[in-house]
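Student: There's a structure below that I have some questions on.
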Amino acid sequence: MKVKGKVFVVTGAGSGIGKELSIQLVKMGAKVAMADIHEDGMNEVARIVGKDNVSIHILNIADKERVEAFPKLVIQHHGTVDGIINNAGIIQPFIDVKDLDYEKIENIMNINFFGLVYMTKSFLPFLINRPEAHITNVSSMGGFIPFPGQTVYGASKAAVKLFTEGLYAELKNTNVGVTIILPGAVNTNIMVNSGLEAVKDNKTDLQNSNKTLSAEKAAQIIIEAIEKNKFRALVGKDARMLDKFYRIHPRKAVDFITKQMSKMKH
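What follows is the structure, given as structure tokens:
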């Protein structure tokens with residue numbers, strides 16, 4: 027599906043990949059309904075691309091009732107909706123499951139999985155009536171290979187992966203395309219947006235590593251995947267490498283990740 031002339035909803039649009047997606051979609055001729063809990067970043071996007079090309083919606087996707095009312099707000103502003111990009115998500119504190127309290131576990135699942143489900147179910151009745159439409163769900167390489175200290179985050183993203191693949195199967199003979207996105211390390215503000223303090227030590231700060239992919243490049247890959255109606259897109263060399271490694275030898279891949287994560291703690 028070509029994005030030009032289409033209306034997209036982007037969650038987590040105020041920063042990182044969501045912000046870049048919003049900017050690039052507009053530059054390619056689309057209109058964007060931006061959703062985020064933080065307004066400042068969305069206002070900045072509006073200043074960059076023009077207020078006529080976007081709408082700003084302060085939304086917590088874990089709030090089912092507000093999400094269910096969201097499609098009508100988008101259609102009221104833009105006239106229609108052709109695609110949703112479920113990008114919003116948070117990580118967990120870098121601690122083991124035994125030390126992670128239930129409140130944080132539930133919050134991670136509510137935002138990363140249930141929020142995405144609410145968005146999908148709320149918009150699908152409108153998308154399925156469009157000549158062509160698309161649902162793009164952002165999982166993570168943590169959704170197919172575990173990272174110690176991010177076990178619940180990984181579980182939430184694994185749920186997103188399988189949910190999206192099942193959705194693809196259910197919608198295969200309809201006008202709605204479905205793509206799962208599996209990013210590796212991308213340079214974003216996800217730690218701060220997750221309520222965690224940014225780590226200043228270069229040995230442990232994954233977000234500032236020179237090996238991370240820029241949010242701009244990640245957004246380009248995602249939009250290309252939408253336009254090509256890909257089943258899935260691996261974003262970054264690390265995601266592609268680990269995907270192959272894990273499929274060939276799952277246990278060795280997990281042992282490798284565990285060893286690497288252990289090194290970063292010291």
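Counting in the numbering used here, the sequence shown tops out at residue 292, every number present. Each residue gets a CB set at the ideal place from its N, CA and C atoms; glycine is no exception.
1) Should Val-123 be labelled buried (16 or more other beta-carbon atoms within 10 Å of its own) or exposed?
2) Assign Gln-314 to one of two classes, buried (16 or more other C-beta atoms within 10 Å of its C-beta) or exposed (fewer than that).
3) Once the 5 residues before and after Glu-293 are set aside, which same chain residues still bring their CB inside 8 Å of it?
4) With 16 as the cutoff for other CB atoms within 10 Å, does His-275 come out buried or exposed?
5) For Ser-240, name the three-state secondary structure that DSSP assigns.
6) Fully enclosed by the segment 255 to 283, which beta strand (DSSP E) runs are 3 residues long or longer?
7) Would you report the Cα separation of Asp-78 and Val-107, rounded to the nearest angstrom?
8) Checking 8 Å against the spacing of the C-beta atoms, do Leu-47 and Asn-112 come in under that value?
9) Please confirm whether Ser-81 and His-64 have their CB atoms less than 8 Å apart.
10) Put Asp-127 into one of helix, strand or coil per three-state DSSP.
11) Identify the residues that DSSP records as bridge partners of Ser-81: which are they?
12) Between the segment 93 to 108 and the segment 67 to 75, do three or more beta carbon pairs fall short of 8 Å?
13) Which residues does DSSP list as the beta-bridge partners of Pro-209?
14) Tell me the rounded alpha-carbon separation between Phe-152 and Ile-110.
15) If we count Cβ pairs, one from each stretch, closer than 8 Å, do we get three or more for the segment 142 to 149 versus the segment 183 to 198?
16) Using the beta-carbon count (16 or more within 10 Å), is Thr-284 buried or exposed?
17) I'd like the list of long-range same chain contacts for Ala-245, defined as Cβ closer than 6 Å, with 5 residues on each side in sequence excluded.
18) What are the uninterrupted segments assigned as beta strand (DSSP E) that are 3 or more residues long and contained completely in the segment 140 to 179, given in chain order?
19) Answer yes or no: do Gly-262 and Ala-211 have a C-beta to C-beta separation smaller than 8 Å?
Tutor: Inspection of the coordinates gives the following:
1) Here residue 123 refers to the residue found at position 97 of the sequence shown. Under this definition Val-123 is an exposed residue.
2) An answer regarding residue 314 cannot be provided, because it is not within the stretch 27 to 292 covered by the chain.
3) This structure cannot speak to residue 293, because the chain is shown only from 27 to 292.
4) Position 249 of the sequence shown holds residue 275. So His-275 ends up on the exposed side.
5) Taking the first residue of the sequence shown as 1, we reach residue 240 at position 214. DSSP places Ser-240 in the strand class (E or B) of the three-state scheme.
6) Listed in chain order, the complete beta strand (DSSP E) runs (minimum 3 residues) inside the segment 255 to 283 are 258 to 261.
7) Taking the first residue of the sequence shown as 1, we reach residue 78 at position 52. Taking the first residue of the sequence shown as 1, we reach residue 107 at position 81. Going by the C-alpha atoms only, they are around 16 Å apart.
8) The sequence position of residue 47 within the sequence shown is 21, counting from 1. The sequence position of residue 112 within the sequence shown is 86, counting from 1. Their beta carbons are not under 8 Å apart, which means Leu-47 does not touch Asn-112 by this criterion.
9) Against the sequence shown, residue 81 aligns to sequence position 55. Against the sequence shown, residue 64 aligns to sequence position 38. In this structure, Ser-81 keeps its C-beta atom at 8 Å or more from the C-beta atom of His-64.
10) The sequence position of residue 127 within the sequence shown is 101, counting from 1. Of the three classes helix, strand and coil, the one that applies to Asp-127 here is coil, per DSSP.
11) One-based indexing of the sequence shown puts residue 81 at position 55. Under DSSP, Ser-81 shares a beta bridge with Ala-59.
12) With the cut-off at 8 Å, the segment 93 to 108 and the segment 67 to 75 do not touch.
13) Reading the sequence shown from its first residue, position 183 is the one you call residue 209. DSSP lists Val-261 as partners of Pro-209.
14) As a first step, residue 152 is located in the sequence shown; it is residue number 126 there, counting from the start. As a first step, residue 110 is located in the sequence shown; it is residue number 84 there, counting from the start. Rounded to whole angstroms, the separation of the alpha carbons of Ile-110 and Phe-152 is 11 Å.
15) At 8 Å Cβ cutoff, the stretches touch.
16) Against the sequence shown, residue 284 aligns to sequence position 258. Per the 10 Å Cβ criterion, exposed.
17) In the sequence shown, counting from the first residue as 1, residue 245 sits at position 219. Cβ contact annotation for Ala-245 (same chain, cutoff 6 Å, sequence separation greater than five): Ile-43, Glu-46, Leu-47 and Gln-50, in chain order.
18) Within the segment 140 to 179, the runs of beta strand (DSSP E) at least 3 residues long that lie entirely inside it are, in chain order, 159 to 164.
19) If you number the sequence shown from 1, residue 262 lands on position 236. If you number the sequence shown from 1, residue 211 lands on position 185. Gly-262 is a Cβ neighbour of Ala-211, given a cutoff of 8 Å.
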